[in-house]
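Participant: Here it is, the structure, as structure tokens.
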Amino acid sequence: MPLTNMTCQAAKPKIKSYKMTDGEGLYLEVTPAGTKLWRLKYRLHGKEKRISMGAYPTVSIAEARKAKEEIKKEVSRGVDPVLKRWQTAQTNALRQQLDFKSMAVEWYDKQVPLWKPKHAAIIKHRFEKYIFPSLGEFPLAEIKPLLMLSCLQKMEKTAPDLTRRMKAMCSHVFKYAIATGRAENDPTYGLEAALKKFKSGHYAAISVDEFPEFLSCLTHYQPHVHRQTFLALKLLLLTFVRTCELVEARWEEIHFDKAMWVIPAERMKMNLPHVVPLSRQSLAIFRELKEMNGEREFIFPGYYQPRKPMSKNTMLVAIKRMGYGGKMTGHGFRSLALGIIKEKLGYAHDIADRQLAHVPKSSVDRAYDRALFLPQRIKMMQEYADYIDQVGSKRERGLGLKNAMIL
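Just so you know, we're using my numbering here: the sequence shown kicks off at 28 and counts up by one.
The structure is reproduced here in structure tokens:
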């Protein structure tokens with residue numbers, strides 16, 4: 028006979044445990060301590076098994092019967108409810124133990140082979156500085172959108188330009204956790220609506236019209252700066268490569284016989300090799316540097332640690348001391364060169380842009396980028412270097428005439 032609340036409530040403990048049957052394997056077990064436990068007896072693969080379903084009255088008769096029906100469905104499909112419950116408990120325990128830092132490190136280790144070492148070091152540093160102090164020890168399941176937002180908003184105060192990037196990185200970690208069955212959702216979803224909009228500015232750069240005065244300052248600054256730093260600034264002006272591409276250059280990249288500098292793909296931002304045709308003026312500087320640093324691995328070795336490349340900040344400090352702090356940067360040489368080549372030398376944007384190592388939109392262009400426009404670029408780089416000499420000579424003649432008139 029099916030059980031009722033009255034019979035369940037009236038059941039008294041005895042010296043030994045006893046059962047009160049409800050039907051279809053469901054029964055209430057009353058222990059000597061007076062505890063009343065729901066249990067279900069079932070058969071799977073020819074073996075009789077039992078599963079606990081909670082205590083009465085916390086689990087009512089109706090709830091116990093509903094659970095019984097669900098378990099019977101699982102058994103009919105060949106699923107062992109006891110094993111399933113154990114697996115669920117283990118998974119939940121693992122999720123609770125797995126903190127965000129452990130998950131992020133696991134994701135990071137998967138990505139490192141795909142990244143350049145420098146980029147990998149930057150990502151690691153950003154996680155350690157901005158994310159781990161706030162979220163590192165939290166289990167993944169406990170990181171809700173509000174907690175994630177609090178971390179990002181704290182980051183906004185000191186690094187607003189990086190906040191959205193780190194939100195995306197954290198999202199990658201959660202998506203990886205979801206894909207590997209250790210998280211159920213991504214708490215970063217939609218948080219950009221609550222973040223401040225950040226508009227990054229352009230790198231500081233002088234205009235084409237300001238170039239003659241800048242060149243004059245650079246020339247007269249020569250006695251006040253280390254020769255290697257001065258030559259680095261001149262090469263940055265003549266080749267307009269990125270600052271890191273210049274200071275990390277090695278001698279094997281320079282082909283004096285062909286007047287070419289071939290920067291390998293692993294050192295380029297877009298992971299494609301880049302050819303820099305060298306003007307006579309650039310070659311002369313490289314030959315002088317060869318006499319200075321020919322025995323070193325790097326063309327621009329560090330002053331205090333010559334086995335490492337010179338710091339990028341060395342040139343930035345020199346530019347600042349010239350009086351161009353906030354007006355010109357290492358990257359600004361690229362904008363300046365683009366303006367001169369287009370406005371003063373009349374070259375098409377495509378040719379100048381390719382020399383800047385910007386990635387073409389066409390996959391075919393990317394495949395043949397090493398040779399595309401190369402003859403035009405060789406001619407352009409020499410004309411550009413000659414133009415710089417002409418501007419410098421004209422500026423010096425003008426200053427000489429002015430001084431003579433004053434005298």
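Even for Gly, the Cβ is constructed at its ideal location relative to N, Cα and C. None of the values given here were measured: they were computed from a predicted structure.
Mark HIS282 as exposed unless 16 or more other C-beta atoms lie within 10 angstroms of its C-beta, in which case mark it buried.
Facilitator: The residue given as residue 282 occupies position 255 in the sequence shown. Exposed, because fewer than 16 other Cβ atoms sit within 10 Å of the Cβ of HIS282.
Participant: Can you check which of these residues, LYS46, LYS128, LYS43 and LYS63, is closest to GLN36 by C-alpha distance?
Facilitator: Within the sequence shown, the letter at position 9 stands for residue 36. Checking every option, the nearest Cα to that of GLN36 belongs to LYS63.
Participant: Please state whether DSSP places ASP126 in a helix, a strand or coil.
Facilitator: Counting from one through the sequence shown, the residue named residue 126 turns up at place 99. Correct three-state label for ASP126: strand.
Participant: Pull the bridge partners of HIS301 from the DSSP assignment, please.
Facilitator: For the purposes of this step, residue 301 is taken as the residue at position 274 of the sequence shown. Per DSSP, ILE290.
Participant: In whole angstroms, what separates the C-alpha of GLU211 from that of ASN32?
Facilitator: Numbered from its first residue, the sequence shown carries residue 211 at position 184. Numbered from its first residue, the sequence shown carries residue 32 at position 5. Rounded to whole angstroms, GLU211 to ASN32 spans 39 Å at the Cα level.
Participant: In three-state DSSP terms, what is VAL252?
Facilitator: In the sequence shown, counting from the first residue as 1, residue 252 sits at position 225. Reduced to three states, the DSSP call for VAL252 is coil.
Participant: Is it true that the CB of VAL274 sits closer than 7 Å to the CB of MET337?
Facilitator: The residue labelled residue 337 in the question sits at position 310 within the sequence shown. The residue labelled residue 274 in the question sits at position 247 within the sequence shown. Yes, the Cβ-Cβ distance between MET337 and VAL274 is below 7 Å.
Participant: According to the Cβ coordinates, are PRO333 and MET408 closer than 7 Å?
Facilitator: In the sequence shown, residue 333 corresponds to position 306, counting from 1. In the sequence shown, residue 408 corresponds to position 381, counting from 1. For PRO333 and MET408, no; Cβs fall outside 7 Å.
Participant: Spatial neighbours of GLN417 within its chain, please: CB distance less than 7 Å, with the 5 preceding and 5 following residues excluded, ordered by chain position.
Facilitator: Locating residue 417 in the sequence shown gives position 390, where the first residue counts as 1. Cβ neighbours of GLN417 beyond the five flanking positions: none.
Participant: Using only the alpha-carbon positions, how far apart do GLU75 and GLU90 sit?
Facilitator: Counting from 1 along the sequence shown, the entry for residue 75 is found at position 48. Counting from 1 along the sequence shown, the entry for residue 90 is found at position 63. So the two alpha carbons sit approximately 23 Å from each other.
Participant: Does the separation of the CB atoms of LYS194 and LEU179 fall below 7 Å?
Facilitator: If you number the sequence shown from 1, residue 194 lands on position 167. If you number the sequence shown from 1, residue 179 lands on position 152. The answer is yes: Cβ separation under 7 Å.
Participant: Grab me the residues of VAL86's own chain with a C-beta within less than 6 Å of its C-beta, minus the 5 sequence neighbours each way, in chain order.
Facilitator: What you label residue 86 is simply residue 59 of the sequence shown in a count that begins at 1. The residues are TRP65.
Participant: I'd like the list of long-range same chain contacts for MET80, defined as Cβ closer than 7 Å, with 5 residues on each side in sequence excluded.
Facilitator: One-based indexing of the sequence shown puts residue 80 at position 53. Answer for MET80: TRP65, ARG66, LEU67, VAL86, ALA91 and ALA94, listed in chain order.
Participant: ALA379 and LEU365 - do their beta-carbons sit closer together than 7 Å?
Facilitator: Walking along the sequence shown from the start, residue 365 turns up at place 338. Walking along the sequence shown from the start, residue 379 turns up at place 352. Against a cut-off of 7 Å, the Cβ pair of ALA379 and LEU365 comes out as a contact.
Participant: What residue range is occupied by the uninterrupted alpha helix (DSSP H) comprising ILE312?
Facilitator: Walking along the sequence shown from the start, residue 312 turns up at place 285. Here the alpha helix (DSSP H) through ILE312 covers 307-320.
Participant: Once DSSP output is grouped into helix, strand and coil, what is the label at LEU242?
Facilitator: Here residue 242 refers to the residue found at position 215 of the sequence shown. The answer is helix: DSSP assigns LEU242 an H, G or I state.
Participant: Would you list the residues sitting across from LEU64 in a DSSP beta bridge?
Facilitator: Taking the first residue of the sequence shown as 1, we reach residue 64 at position 37. DSSP, once it has assigned bridges, lists GLU56 and ALA82 as partnering LEU64.
Participant: For THR356, is the classification buried or exposed, using 16 other Cβ atoms within 10 angstroms of its Cβ as the cut-off for buried?
Facilitator: Stepping through the sequence shown from its first residue, residue 356 is reached at position 329. Label assigned to THR356: buried.
Participant: For a quick check, are the C-beta atoms of LEU343 and ALA232 less than 7 Å apart?
Facilitator: What you label residue 343 is simply residue 316 of the sequence shown in a count that begins at 1. What you label residue 232 is simply residue 205 of the sequence shown in a count that begins at 1. Contact: no.
Participant: Identify the continuous beta strand (DSSP E) that holds MET47 and give its terminal residues.
Facilitator: Numbered from its first residue, the sequence shown carries residue 47 at position 20. Start and end: 45-50.
Participant: Which one of SER198, ILE346 and PRO187 has the shortest CA to CA distance from ALA259?
Facilitator: As a working note, residue 259 is residue 232 in the sequence shown. The option with the nearest alpha carbon to ALA259 is ILE346.
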